[in-house]
Amino acid sequence: MNKFLTLMRRDIADNRGALIITPLVVATILLVITLGAAMTGGARFGLDPKDFRAGMAENFKAEIEAEGGRAVISQEGPNGRVTVTDQDGNTRSFGGMPSAEDLKVVAPVLASATGASSLLPLGISMIAILFALAGALHDERKDRTILFWKSMPVSDLQTVGAKLLTIVGFGLVFAFAVSLVLNVAITTIAAITINQFTGLSIVTMMSAVFTASAQLWFVLFLALLLYILGALPVYGWASMVSAWAPKAPFLAAFAPLIVLPLAYLLVVSRGQSNDPIMNVLWDPGARLLGGRVTQSVSAAFEETPIKIPVGRLLSEFGQQVREPDLWLGLLFAAGFIFAASEIRRRRAL
175 MNKFLTLMRR DIADNRGALI ITPLVVATIL LVITLGAAMT GGARFGLDPK
225 DFRAGMAENF KAEIEAEGGR AVISQEGPNG RVTVTDQDGN TRSFGGMPSA
275 EDLKVVAPVL ASATGASSLL PLGISMIAIL FALAGALHDE RKDRTILFWK
325 SMPVSDLQTV GAKLLTIVGF GLVFAFAVSL VLNVAITTIA AITINQFTGL
375 SIVTMMSAVF TASAQLWFVL FLALLLYILG ALPVYGWASM VSAWAPKAPF
425 LAAFAPLIVL PLAYLLVVSR GQSNDPIMNV LWDPGARLLG GRVTQSVSAA
475 FEETPIKIPV GRLLSEFGQQ VREPDLWLGL LFAAGFIFAA SEIRRRRAL
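In my numbering, the protein residues as written are 175 to 523.
Written out as structure tokens, the structure reads:
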């Protein structure tokens, strides 16, 4: 176990730029932009101050003739909510200070909006780890450090497994943690900004939003695990190519995954739907783009677009885990990882 942890620490040090510095730099840039926009008044987080200031005038009451008959518009006191009552006695209110019901609607929307903007460090890291993974086994041959590590009492399979777990597992989980911290910061800025033109308590707003955010980020973490499981065959393939490629390992690993489906699409398939060969050729790209996750999220939010349907999302994720092609992909991933270790064992330089 200590040997494996030593290998992981080595890989973290070797890939510090891609695994640690990249998400931190992206998060810092986003935080500075958000803070600057909030300070200059450019960020209102989708809310119009006029909607809240409408209820800050004196009392008034007015009757108007509408298409459906006579309606009464009234407001009681400063910060009161504007109320519209039709001739049948149906009442609808808006403006003024947000009520508890308003917060139930606003909080998930604001949590989703700030959450989406906070995921950029994770998205950039997903690209960065592809470069790190493609060069991991190639670079140690290039700089000849493989000779030192082969003299150590660790197997080639342990070395390949440590690189994969460090770059993919640690890299994405660390980027996820950075995104989570960034989300807390952006949500705090949003609550302070909204307080300035609504008068709503910062604590009240943050409490409502963080309750929704906790559910959202729990689901997002499960989605990340599902994404890693789905993309693991591609990561294993990249490791195998990295152990073999004499040069340009990134192109050797990922160019075929792009060129082959495009060539087949243009020459053979010509845009035909449900082509089984095209589906197979496109499968690695779909796995990297998170096809399983996006499919589950789209299905879950289809019925409740302004809420976070945790139960439905968990159900969709569970259904994806039970799909046979996910487990078939994991078998391919194991084969690629073993092949990478064998190539490394037989080829020192």
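Heads up, the beta-carbon is just placed ideally off N, CA and C, and yes, glycines get one too.
Bear in mind that the values here come from a model prediction, so they are computed numbers and not experimental data.
Rounded to the nearest angstrom, the gap between the Cα atoms of ILE320 and GLU314 is 5 Å. DSSP places GLU314 in the helix class (H, G or I) of the three-state scheme. Contact between ALA412 and LEU307 holds, with the beta-carbon distance rounding to 5 Å and staying under 8 Å. ASN448 and GLY485 have their C-alpha atoms some 31 Å from each other.
Judged by their CB atoms, VAL415 and ALA427 are nearer to each other than the 7 Å cut-off. The shortest CA-to-CA distance from ARG518 to any of ILE363, ALA417 and ILE207 is the one to ALA417. Counting every other CB atom within 10 Å of its CB across the protein chains shown gives ARG461 a total of 16 or more, marking it as buried. Look at GLY464 here: in three-state DSSP terms it is coil, with no helix or strand label.
Out of TYR409, LEU338, ALA281 and SER292, the CA that lies nearest to the CA of VAL352 is found in SER292. A direct Cα-to-Cα measurement between ILE363 and ILE376 gives close to 10 Å. Look at ARG496 here: in three-state DSSP terms it is coil, with no helix or strand label. Of the residues assessed, ALA382 falls on the buried side of the cut-off, its CB having 16 or more other CB atoms within 10 angstroms.
Contact between the segment 492-500 and the segment 328-336 is absent: fewer than three C-beta pairs spanning the two stretches fall below 8 Å. When DSSP states are grouped into helix, strand and coil, ARG518 belongs to the helix group. Cβ atoms of ALA192 and ILE303 come within 8 Å of each other, at about 6 Å.
Membership of ASN176 in the alpha helix (DSSP H) is indicated by the continuous run 176-188. Along the length of the segment 339-415, whole beta strand (DSSP E) runs at least 3 residues long do not occur. By the Cβ rule, the segment 430-444 does not count as touching the segment 495-515, because fewer than three pairs are nearer than 8 Å. Between GLY345 and PRO407, the CB-CB gap reaches or exceeds 7 Å. LEU205 and PRO483 have their alpha carbons spaced roughly 28 Å apart. Of the other Cβ atoms in all chains shown, 16 or more fall within 10 Å of the Cβ of ASP185; this residue is therefore buried. Secondary structure note for MET326: it is in no alpha helix (DSSP H), with a DSSP letter that is neither H nor E. Only exposed fits ALA437, as fewer than 16 other CB atoms lie within 10 angstroms of its CB. By the criterion of a C-beta distance shorter than 8 Å, LEU455 is surrounded in its chain by LEU434, PRO435 and TYR438, once the five residues flanking it on both sides are discounted. THR202 and THR288 have their alpha carbons spaced roughly 15 Å apart.
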